[in-house]
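Participant: Numbering of the sequence shown is given in our numbering, commencing with residue 9 and proceeding in unit increments.
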Amino acid sequence: ENARRQKEALAAAAEAAGPGGAAAGPVETAAATADGVALSLRANTELPHELTAAIACGAEGIGLYRSEFLFFAHPHGFPSMEEQQSVYSTLARAMSPHPVAIRTLDAGTERLGESGECSTNPSMGLRGIRLSLELRDAFRAQIEAIVRAGSEGNIEMVLPMVSTVEEIWQAKDLLAEVRAGLERAGLPAAPVPLGVMIEVPAAVLVLETLAREADFLCVGTNDLIQYVMAADRGNPAVAYLCQPLHPSVLACLGRIAEVAGRMGKPVRICGEISSNPFFAVLLVGMGFRQLSMTPLAIPAIRRALGEVSVEDARRVAERALTLATAGEVYAYLVPEVSHLIPIDLSPYEKEIRPTNGRHE
Ligand code: PEP
Ligand code: MG
Numbered sequence: 009e010n011a012r013r014q015k016e017a018l019a020a021a022a023e024a025a026g027p028g029g030a031a032a033g034p035v036e037t038a039a040a041t042a043d044g045v046a047l048s049l050r051a052n053t054e055l056p057h058e059l060t061a062a063i064a065c066g067a068e069g070i071g072l073y074r075s076e077f078l079f080f081a082h083p084h085g086f087p088s089m090e091e092q093q094s095v096y097s098t099l100a101r102a103m104s105p106h107p108v109a110i111r112t113l114d115a116g117t118e119r120l121g122e123s124g125e126c127s128t129n130p131s132m133g134l135r136g137i138r139l140s141l142e143l144r145d146a147f148r149a150q151i152e153a154i155v156r157a158g159s160e161g162n163i164e165m166v167l168p169m170v171s172t173v174e175e176i177w178q179a180k181d182l183l184a185e186v187r188a189g190l191e192r193a194g195l196p197a198a199p200v201p202l203g204v205m206i207e208v209p210a211a212v213l214v215l216e217t218l219a220r221e222a223d224f225l226c227v228g229t230n231d232l233i234q235y236v237m238a239a240d241r242g243n244p245a246v247a248y249l250c251q252p253l254h255p256s257v258l259a260c261l262g263r264i265a266e267v268a269g270r271m272g273k274p275v276r277i278c279g280e281i282s283s284n285p286f287f288a289v290l291l292v293g294m295g296f297r298q299l300s301m302t303p304l305a306i307p308a309i310r311r312a313l314g315e316v317s318v319e320d321a322r323r324v325a326e327r328a329l330t331l332a333t334a335g336e337v338y339a340y341l342v343p344e345v346s347h348l349i350p351i352d353l354s355p356y357e358k359e360i361r362p363t364n365g366r367h368e
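(1) Considering Cα atoms alone, identify which of 90, 159, 305, 273 is closest to residue 150.
(2) Report yes if the C-beta of residue 240 is less than 6 Å from at least one heavy atom of the ligand MG; otherwise report no.
(3) Pull every residue with its beta-carbon under 6 Å away from any heavy atom of the ligand PEP, and keep them in chain order.
(4) Note the first and the last residue of the continuous alpha helix (DSSP H) segment covering residue 235.
(5) Excluding the 5 residues preceding and the 5 following residue 27 in the sequence, name in chain order all residues of the same chain whose CB lies nearer than 6 Å to its CB.
(6) In chain order, what residues of the same chain lie with their CB nearer than 8 Å to the CB of residue 312, ignoring the 5 residues before and after it?
(7) If I follow the unbroken beta strand (DSSP E) through residue 294, where does it start and stop?
(8) Whether or not the region 234-243 and the region 203-223 are in contact is what I'm after, with contact meaning three or more pairs of Cβ atoms, one per stretch, closer than 8 Å; do they touch?
(9) Can you give me the C-alpha to C-alpha distance between residue 327 and residue 218, rounded to a whole angstrom?
(10) Might you give, ordered along the chain, the residues of its own chain that have their beta carbon closer than 7 Å to the beta carbon of residue 157, omitting 5 neighbours on each side?
(11) Name the one or two DSSP bridge partners that residue 53 has.
(12) Taking the continuous beta strand (DSSP E) assigned at residue 281, which residues delimit it?
(13) What first and last residue would you give for the beta strand (DSSP E) that runs through residue 216?
(14) Sort out for me which residues DSSP pairs residue 135 with in a bridge.
(15) Starting from residue 110, follow the beta strand (DSSP E) in both directions and report where the run begins and ends.
(16) Looking at the ligand NAP, does it come within less than 6 Å of residue 238, judged from the CB to the closest heavy atom?
(17) Using 7 Å as the threshold, is the C-beta distance between residue 220 and residue 166 below it?
(18) What is the rounded straight-line gap between the Cα of residue 161 and the Cα of residue 293?
(19) Applying the 10 Å Cβ sphere with the 16-neighbour rule, what's the burial state of residue 231?
(20) Give me the Cα-Cα distance between residue 39 and residue 68, rounded to the nearest whole angstrom.
(21) Going by beta-carbon coordinates alone, are residue 301 and residue 283 separated by less than 7 Å?
(22) When the Cα atoms are used, what is the spatial distance from residue 259 to residue 334?
(23) Bridge partners for residue 271 per DSSP, in chain order?
(24) Quick check on residue 32: does DSSP put it in helix, strand or coil?
(25) Taking the DSSP output, what are the residues bridged to residue 167?
(26) Quick check: what's the CA-CA separation for residue 104 versus residue 340?
(27) With DSSP collapsed to three states, give me the class of residue 298.
(28) With DSSP collapsed to three states, give me the class of residue 260.
(29) Determine the extent of the alpha helix (DSSP H) in which residue 5 is found, giving its start and end residues.
(30) Could you pull out every residue in the same chain whose Cβ sits closer than 7 Å to the Cβ of residue 171, ignoring the five residues on either side in sequence?
(31) State yes or no: is the C-beta of residue 58 within less than 7 Å of the C-beta of residue 303?
(32) Taking residue 50 as the reference, give the member of 347, 336, 310 with the closest Cα.
(33) With a CB to CB cut of under 8 Å and the five nearest residues on each side skipped, what residues in its chain are close to residue 18?
Right under this line is the structure:
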């Protein structure tokens with residue numbers, strides 16, 4: 009089954025990469041805007057076969073490895089420290105010298121077969137960093153696996169669902185404990201850059217405080233949109249409210265870009281919307297230079313952003329940020345970006361097109 013999926017992924021990657029792409033071996037073209045400003049396009053991965061696609065599509069690293077899929081594969085208990093270390097090291101070696109960001113377990117009890125919590129609203133419940141801090145032994149084992157794999161030299165660690173700085177402090181205390189333990193045992197304990205997912209509105213509002221504690225920031229727009237709009241991303245009845253172009257979402261992103269720039273913190277967008285060329289232009293215009301997305305989207309985004317100068321993107325983003333509704337942003341953005349990029353972008357319009365209500 010895995011081999012079949014891997015084959016399919018490669019074929020799709022070859023097609024997505026176009027002539028001289030995957031078929032001719034890994035693409036290594038550095039991404040840049042039309043005026044030569046460097047961009048970093050990385051891959052979001054969760055399953056082993058996606059690694060092949062990430063390499064084939066020329067990803068400059070894994071911007072987000074969703075480690076919970078390792079945990080879901082273990083219906084009884086958690087993957088051992090050794091098992092995790094082996095997977096993380098394999099990823100690191102495959103992507104070397106590019107970085108690989110391991111996001112610590114981002115799941116709620118409902119996905120882990122734990123019966124500890126009874127919640128009718130799991131996405132606001134005990135999940136992500138909140139759950140890891142409860143399941144201390146499992147969290148310690150995951151941190152140890154990440155630190156040990158860190159000796160490969162290109163591993164990063166990212167904390168999901170952070171809403172208060174105390175969560176970072178507690179994770180850092182555990183990280184220090186793990187490192188001290190390894191050093192006592194005479195084992196290497198490489199320093200691993202620590203990133204924080206910005207995907208909860210509270211995190212956007214206290215961003216300066218969180219950023220001071222982090223080596224880098226990852227913006228989880230999938231969750232940020234659902235939490236800002238209070239619209240469950242998995243509920244079709246409120247799908248019409250999950251609007252990436254809503255002014256509140258753009259205001260959050262504008263603030264994140266501004267704070268990260270002012271504080272000199274590397275920041276990357278990890279939500280799937282960065283694979284939409286219209287949205288990617290907005291992001292570049294706001295100041296983001298690192299985008300992480302599903303691997304197969306990378307070649308098209310590289311091509312589209314290569315057609316736009318930072319100055320044009322900035323002009324588009326500045327204007328978009330002044331508009332009052334997602335509909336207005338859409339009506340402005342689509343013709344404006346289509347005019348800048350001489351590629352047919354019409355297949356990407358639907359993904360960002362807002363509707364006026366659930367019955368439209
Ligand atoms: C996000 O929330 O945007 C994100 C990248 O993480 P996930 O989709 O796994 O929640
Ligand atoms: Mg998320």
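The C-beta atom is built at its ideal place from N, Cα and C for all residues, glycine as well.
Computed from a predicted model, the values in this text were never measured in an experiment.
Facilitator: For this structure:
(1) 90
(2) no
(3) That gives 72, 74, 114, 207, 228, 229, 230, 231, 278, 279.
(4) Looking at the DSSP string, the run of the alpha helix (DSSP H) that includes residue 235 is 229-237.
(5) Unreliable positioning characterises residue 27 in this predicted model, as indicated by a pLDDT of 43, which lies under 50. A coordinate reading is not provided.
(6) 285, 288, 289, 349, 351, 353
(7) Looking at the DSSP string, residue 294 is not in any beta strand (DSSP E); the run it does join, the alpha helix (DSSP H), is 285-294.
(8) yes
(9) 29 Å
(10) 93, 96, 97, 100, 163
(11) Its beta-bridge partners are 73.
(12) Here residue 281 belongs to no beta strand (DSSP E), and DSSP marks it neither H nor E.
(13) No beta strand (DSSP E) holds residue 216; the alpha helix (DSSP H) holding it covers 215-221.
(14) 116
(15) Note, residue 110: beta strand (DSSP E), 108-111.
(16) Here the bound small molecules are the ligand PEP and the ligand MG; the ligand NAP is not part of this structure.
(17) no
(18) Here the alpha carbon of residue 161 sits roughly 32 Å from the alpha carbon of residue 293.
(19) buried
(20) 9 Å
(21) Yes, these two residues count as a Cβ contact at 7 Å.
(22) 12 Å
(23) BP columns for residue 271 are empty, so no partner.
(24) Here the model assigns residue 32 a pLDDT of 43, short of 50, so the residue's position is not dependable, and the following value carries that caveat. Helix at residue 32.
(25) 204
(26) 41 Å
(27) Annotated three-state conformation of residue 298 is strand, per DSSP.
(28) In the three-state reduction of the DSSP assignment, residue 260 falls in the helix class.
(29) Nothing about residue 5 can be read from this structure; the chain reaches only from 9 to 368.
(30) Here the set comprises 208, 210, 211.
(31) yes
(32) 310
(33) Here residue 18 scores only 48 on pLDDT, less than 50, and its place in the model is too uncertain to base an answer on.
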